[in-house]
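Data block below; observations after.
Protein chains: 2
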Amino acid sequence: MSPIICTVDVVLLTLHDASLHLALLKREHAPFAGVLALPGGYIHAEEDSDTRDAALRTLREKTGIGSAYLEQLETFSGPGRDPRGWSLSVAYYALVPSRLIDHESRPEVVLRPVDQLQGLPFDHPRIVEAALQRVRNKSSYSSLPVHLCGETFTLPRLQGVYEAILGEPINKVSFRRKIEELDILEAIEGQLETGKAHRPAQLYRLKKQYRQHLALTDRGLNSAG
Amino acid sequence: MSPIICTVDVVLLTLHDASLHLALLKREHAPFAGVLALPGGYIHAEEDSDTRDAALRTLREKTGIGSAYLEQLETFSGPGRDPRGWSLSVAYYALVPSRLIDHESRPEVVLRPVDQLQGLPFDHPRIVEAALQRVRNKSSYSSLPVHLCGETFTLPRLQGVYEAILGEPINKVSFRRKIEELDILEAIEGQLETGKAHRPAQLYRLKKQYRQHLALTDRGLNSAG
DNA sequence: GTCACTTAGTTGCATTATTAAACTAAGTGA
DNA sequence: TCACTTAGTTTAATAATGCAACTAAGTGAC
Numbered sequence: 001m002s003p004i005i006c007t008v009d010v011v012l013l014t015l016h017d018a019s020l021h022l023a024l025l026k027r028e029h030a031p032f033a034g035v036l037a038l039p040g041g042y043i044h045a046e047e048d049s050d051t052r053d054a055a056l057r058t059l060r061e062k063t064g065i066g067s068a069y070l071e072q073l074e075t076f077s078g079p080g081r082d083p084r085g086w087s088l089s090v091a092y093y094a095l096v097p098s099r100l101i102d103h104e105s106r107p108e109v110v111l112r113p114v115d116q117l118q119g120l121p122f123d124h125p126r127i128v129e130a131a132l133q134r135v136r137n138k139s140s141y142s143s144l145p146v147h148l149c150g151e152t153f154t155l156p157r158l159q160g161v162y163e164a165i166l167g168e169p170i171n172k173v174s175f176r177r178k179i180e181e182l183d184i185l186e187a188i189e190g191q192l193e194t195g196k197a198h199r200p201a202q203l204y205r206l207k208k209q210y211r212q213h214l215a216l217t218d219r220g221l222n223s224a225g
Numbered sequence: 226m227s228p229i230i231c232t233v234d235v236v237l238l239t240l241h242d243a244s245l246h247l248a249l250l251k252r253e254h255a256p257f258a259g260v261l262a263l264p265g266g267y268i269h270a271e272e273d274s275d276t277r278d279a280a281l282r283t284l285r286e287k288t289g290i291g292s293a294y295l296e297q298l299e300t301f302s303g304p305g306r307d308p309r310g311w312s313l314s315v316a317y318y319a320l321v322p323s324r325l326i327d328h329e330s331r332p333e334v335v336l337r338p339v340d341q342l343q344g345l346p347f348d349h350p351r352i353v354e355a356a357l358q359r360v361r362n363k364s365s366y367s368s369l370p371v372h373l374c375g376e377t378f379t380l381p382r383l384q385g386v387y388e389a390i391l392g393e394p395i396n397k398v399s400f401r402r403k404i405e406e407l408d409i410l411e412a413i414e415g416q417l418e419t420g421k422a423h424r425p426a427q428l429y430r431l432k433k434q435y436r437q438h439l440a441l442t443d444r445g446l447n448s449a450g
């Protein structure tokens, strides 16, 4: 029996111009050489300690990103998804603040708005679709979107990130109540976002224990309003 | 490079004596021959059209179950989880009404309460733990538990199933409101569950379109009460 | 400096959702 | 016929949510 082709693919999402963008790379080899595709590659049994590790390595090697929120999405498989044979890809999704994407040293990483994707090879459209569904759904009841912000951010900024992901406005009071309830942020003593022609906003950061873990609400964020 | 060992494992859950049980099988071959383990096996690239298909085949071959609610759980991997080498297992979980487990023709399938598991081989404890977490979480905001009931059931019975999974009582009025809201059940005209020494309960069944798909609530089922 | 403007952040109240308790319904069995 | 048990509904109290209007605090025009 011919061996199964084992790969990982990473749906790397970031926020650019207040909308969700996906990171893509031109494929170097056949099949689909030259086509923009998800960063991915073979699992290296000799060096990877599991598929998560393979995804982290892929992310580092292909995009230069050393730290991101990373979570397993789903495994896609079958005889038809890769022309080389029966293949299996463990898909992960990653969220990074856009500042961490270094366009100087990695000009080959291109960002595309997630609602204007076309021509993706293999079953990458399905994988991206699944990632978007997961991220949108999870954002509606968790702290997931904070991983798209940088180290520090204001509450109005964070609300904007939620709204960009969910695609609809959120009630300000309800939003602040929920975030408070999650108890994952700490105000940075005396640090305000100045320079704007209006009242400055308080800067916050994630509490240490939530750097990699998420917090979940009981009832969701109830957008609209 | 040595090939990666690709398998599927199925966490098959059912309700027995009003509590969640897991189906286990004695392993026939090394490693862990004779030990009770999750039904699982190699992916057959020649015959399986994807990993879901491999899981369905495994379920059919090892337990005789031809139809169940089946959903991909997570993929587990690494060099240490199987003594034969770097391995990868796509785990699925399945829910079946206990009646579908045919103890006559399959005496080798043993049921164990999920809170009294021990001695499971490989990383099966982790897989089962992940499945339980997923099922409990998903049950709190979806129609998932209906797949543990048979064709027809009463609302008090269904509430009992939710309570068995979630491990806490649910408010009767709230429960009925949520189920009504989900709009997935239809009362079976004139069919009541008789024979009990009290008022008979209305029998319901899943609407056709929800046989395989789930319905989700906006706000969850809010147990306790 | 004063004032118009803008967004940050809060308060109070109306609306809606959830829960608890008490009720009515309808069977069995003594 | 009556006690008992669980099904299913009603009512009222409580809690969560959302809206509108408020105060706060900066910038920039004049």
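In order, the protein sequence lines correspond to chains A and B. Residue numbers are given in the working numbering: position 25 of the first sequence equals residue 25, and the series is strictly consecutive. Count along the second sequence starting at 1, add 225, and that's the number in the working numbering. C-beta: ideal position from N, C-alpha, C; glycine also. From a predicted model like this one, the values you see are computed outputs, not experimental measurements.
Looking at the secondary structure, which residues open and close the beta strand (DSSP E) in which residue i lies?
i, result
"B/Pro350", "Counting along the chain, B/Pro350 falls outside any beta strand (DSSP E), though it belongs to the alpha helix (DSSP H) covering His349 to Ser364."
"B/Val398", "Segment Lys397 to Leu407 is the alpha helix (DSSP H) holding B/Val398; no beta strand (DSSP E) there."
"A/Ser77", "Tyr69 to Gly78"
Helix, strand or coil for residue i per DSSP?
i, result
"B/Ser314", "strand"
"A/Glu61", "helix"
"B/Thr419", "coil"
"B/Gly450", "Bear in mind that the predicted position of B/Gly450 carries a pLDDT of just 30, short of 50, making it too unreliable to give a figure here."
"A/Lys207", "coil"
"B/Leu325", "helix"
"A/Leu117", "coil"
"B/Val236", "strand"
"A/Val110", "strand"
Could you work out which residue in the options is closest to residue i when comparing CA atoms only?
i, options, result
"A/Tyr204", "A/Leu155, A/Arg176, A/Glu71 and A/Ser174", "A/Leu155"
"A/Ala131", "A/Glu46, A/Thr152 and A/Thr75", "A/Thr75"
"A/Gly40", "A/Ser98, A/Glu47 and A/Thr51", "A/Thr51"
"A/Ile43", "A/Val90, A/Cys149 and A/Val146", "A/Val90"
"B/Ser451", "A/Leu166, A/Cys6 and A/Phe153", "Nothing about residue 451 of chain B can be read from this structure; chain B reaches only from 226 to 450."
"A/Val114", "A/Glu129, A/Phe122, A/Pro121 and A/Ser105", "A/Glu129"
"A/Arg60", "A/Arg81, A/Val109 and A/Ala33", "A/Val109"
"A/Glu46", "B/Glu376, B/Pro228, B/Gln358 and B/Gly344", "B/Pro228"
"A/Phe122", "A/Ser98, A/Ser140 and A/Pro83", "A/Pro83"
"A/Ala187", "A/Leu70, A/Leu148, A/Asn171 and A/Thr152", "A/Thr152"
"A/Leu88", "B/Glu329, B/Asp273 and B/Arg382", "B/Asp273"
"B/Tyr294", "B/Gly310, B/Leu407 and B/Tyr317", "B/Tyr317"
"A/Arg106", "A/Lys62, A/Val173, A/Val8 and A/Leu185", "A/Lys62"
"A/Ile65", "A/Arg134, A/Arg57 and A/Gln72", "A/Arg57"
"B/Ala319", "B/Leu298, B/Arg306, B/Gly305 and B/Leu336", "B/Leu298"
"A/Ala18", "A/Ala197, A/Asn137 and A/Glu168", "A/Glu168"
"B/Ser323", "B/Ala258, B/Val371, B/Gly375 and B/Gln358", "B/Gly375"
"A/Val8", "A/Leu148, A/Ile127 and A/Glu189", "A/Ile127"
State the start and end residues of the unbroken alpha helix (DSSP H) segment that holds residue i.
i, result
"B/Leu380", "Leu380 to Leu391"
Can you round the beta-carbon distance between residue i and residue j to whole angstroms, since I take them to be within the 8 Å contact cut?
i, j, result
"B/Phe400", "B/Gln384", "5 Å"
"B/Leu245", "B/Leu238", "6 Å"
"A/Ala23", "A/Ile101", "7 Å"
"A/Ala55", "A/Val10", "5 Å"
"A/Ser143", "A/Ile170", "At roughly 14 Å, the Cβ-Cβ gap does not stay under 8 Å, so A/Ser143 and A/Ile170 are not in contact."
"B/Val386", "B/Leu240", "6 Å"
"B/His349", "B/Leu263", "5 Å"
"B/Leu345", "B/Ser364", "Rounded, the Cβ-Cβ distance is 23 Å, inconsistent with contact."
**Request:** Can you check the region 241-289 of chain B for any alpha helix (DSSP H) of at least 4 residues that lies completely inside it and give the ranges in chain order?
**Result:** Here the runs fully enclosed are 276-288.
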